[in-house]
Amino acid sequence: MALILTRTVAPASKLATISWWADTTLATDLDLASVSTDEVYAAMDWLLTRQEAIEKKLAARHLGPAVNPSRIAMFDLSSSWVTGRHCDLAARGYSRDAKKGCEQIEYGLLTDPDGRPVAIRVFPGNTADPTAFTHAVTAVRDTFGLQNMLMVGDRGMITSARIVALKDLGGIGWLTALRAPQIATLAADDGPLQMTLFDEQNFAEITHPDYPGERLVACRNPLLAAERARKRGELLAATEAALAPIIAAVSAGRVAGAGPIGVKVGKILGKFKMAKHFHLNITDTTQTINRDTDRIDAEAALDGIYVLRTTATPTEFSTDAVIGAYKNLAQVERDFRSLKAIDLDLRPIHHRLDDRVKAHVLICMLAAYLTWHMRKALAPLTFTDEHPPARQDPVAPARRSAAAATKAARKTTTDTALPARSYQALLTHLGTLTRNDLRYGDNGPIVPTLTAPTGAHSTSWAPPSHSH
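In UniProt numbering, the protein residues as written are 1 to 468.
Encoded structure:
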């Protein structure tokens, strides 16, 4: 309990955590005054043995049909780098932390439709996304005993090969997105994906024989289309500007040979990731580099378009609901930001033993579960939008409510005019509370009394009254 609470409000190494306990009321409340590092590690080992039982209870509470009639479960994968060289789980793989060359672990997070953490799995650092997804499906179906669930994951997670495996397993549906080449196939001259679909609204259902028994929902986000066009234009211009000195050097004879010229050109194209947008013709003494306008135009025609594929029937999910369910994956991404940096500092991994790594990640997941509820309960005191407006267009970006905009502008809470803060700033503010034991008279009772937090409006502070 103490490890989870500490990770929630003051994440640190296990040694620093023990020192922090001595400075807080946790030392008295949870009898931690004389705890050693060996006892902390023993507690981690014990907690890991209880992981399956804990996750089963969380799954029953948040994924079961009585509380989750949509039967949605969301899954995503992330990674964090590892310090040291003796962890068997550590391996080099695709780094989501931009820590190239560092060994890492990967971990997959399973949540309910609202992004509430339910279970987590740790994998070696070179595990492919689809492999991790298979473990999540096994946990949902076999470990938690849940049937007819709709697994929501991104296009890298639920691949076509993984869908074939899901069909063989049975009892599990899916909701994911198509990759760009698959979308391009649908948008061919005789394909079902045509721009006229979006004349009246930004989404439409289509069909294609390559996806029997599935619904395809095509969406077009005009704002995303404009942003991608802008970014492509900037990258093309930057690439041509960087190529200009090389072209001049070749023309002047200062650089010769197809090999050296190709290396220089390749570095520029690789830097801006624009190789697919240019035609190249390089010889020992000349080079011709032109934009591939046909390819650029074909890509631009699909700007802002994404296509969802799902087994959910229209009676189970409307088209709007399919789009909304996929967009809710953003909540899992927020959970990862909370886990890794914003709230809980899961990374980097300092443990050497595999089980200690898994226990550390489990503690962070349980702390994320607690943080999810704390953010909800403390929302009236933070800049959080307590009542976001319903989307009129499921494809359009979410909008803030008027109340949230007012709270942000005035920097005060809606009801009590207390200072509004970010969640982390609020925790820091509440950390100024002290508990004093007051004795009334020589033989009177000892009464624990909390001081008010320091700063303006402190005398009127009171926690929000919410039951969760």
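The C-beta atom is built at its ideal place from N, Cα and C for all residues, glycine as well.
Integer-rounded CB distance, given that residue 407 should sit under 8 Å from residue 413: That pair is a contact at about 7 Å.
Buried or exposed (CB count within 10 angstroms, at least 16 for buried), residue 307: With 16 or more other Cβ atoms within 10 Å, it is buried.
Burial state of residue 298, where buried means 16 or more other Cβ atoms lie within 10 Å: Residue 298 sits exposed, since fewer than 16 C-beta atoms from the chains shown fall within 10 Å of its C-beta.
Buried versus exposed call for residue 351 [16 or more other C-beta atoms within 10 Å across all chains shown]: By the neighbour-count criterion, in which 16 or more other beta carbons inside 10 Å mark a residue as buried, residue 351 falls on the buried side.
Extent of the continuous alpha helix (DSSP H) run through residue 401: For residue 401, no alpha helix (DSSP H) encloses it, and the DSSP letter there is neither H nor E.
Pairwise C-alpha distance: residue 29 and residue 355: In a straight line, the C-alpha of residue 355 is about 28 Å away from that of residue 29.
Rounded separation between residue 213 and residue 26 - CA only: The C-alpha of residue 26 is placed about 56 Å away from the C-alpha of residue 213.
Strand pairing of residue 421, partner residues [DSSP]: Looking at the DSSP output, residue 421 shares a beta bridge with 382.
Residue 86 classed as buried or exposed, judged by whether at least 16 other C-beta atoms fall within 10 angstroms: Around the beta carbon of residue 86, fewer than 16 other beta carbons sit within 10 angstroms, so the residue counts as exposed.
Residue 465, buried or exposed, once every other Cβ within 10 Å from all chains shown has been counted against 16: At residue 465, the pLDDT of 44 sits below 50, so the modelled position is not reliable; the number obtained from the coordinates is stated separately. Under this definition residue 465 is an exposed residue.
Cβ neighbour criterion (16 or more within 10 Å) applied to residue 397: By the Cβ neighbour-count rule, residue 397 is exposed, with fewer than 16 other Cβ atoms within 10 Å of its own.
For residue 172, three-class secondary structure by DSSP: Residue 172: strand per DSSP, three-state reduction.
Given residue 176 as reference, the closest of 165, 158, 167 once Cα atoms are compared: Selected option, being the one with the closest Cα: 158.
Rounded distance between the beta-carbons of residue 321 and residue 229, thought under 8 Å: Not quite, the Cβ-Cβ distance comes to about 30 Å (not below 8 Å), so this is no contact.
Contact check, residue 103 vs residue 132, beta carbons under 8 Å: With contacts defined as CB atoms closer than 8 Å, residue 103 and residue 132 fail to qualify as a contacting pair.
Assigned secondary structure, residue 104 (DSSP; H/G/I helix, E/B strand, else coil): In this structure, residue 104 counts as strand in the three-state DSSP scheme.
Entirely enclosed beta strand (DSSP E) segments - the segment 303-364, minimum 3 residues: 305-310, all fully within the segment 303-364.
Option in 13, 391, 411 with minimal Cα separation from residue 380: Measuring from the Cα of residue 380, the nearest candidate turns out to be 411.
Environment of residue 227 [buried if 16+ CB atoms lie within 10 Å]: Exposed is the call here.
Residue 112 burial status per 10 Å Cβ neighbour count (16 or more: buried): With 16 or more other CB atoms across the displayed protein chains lying within 10 angstroms of its CB, residue 112 is buried.
Residue 40, DSSP secondary structure in three states: Reduced to three states, the DSSP call for residue 40 is helix.
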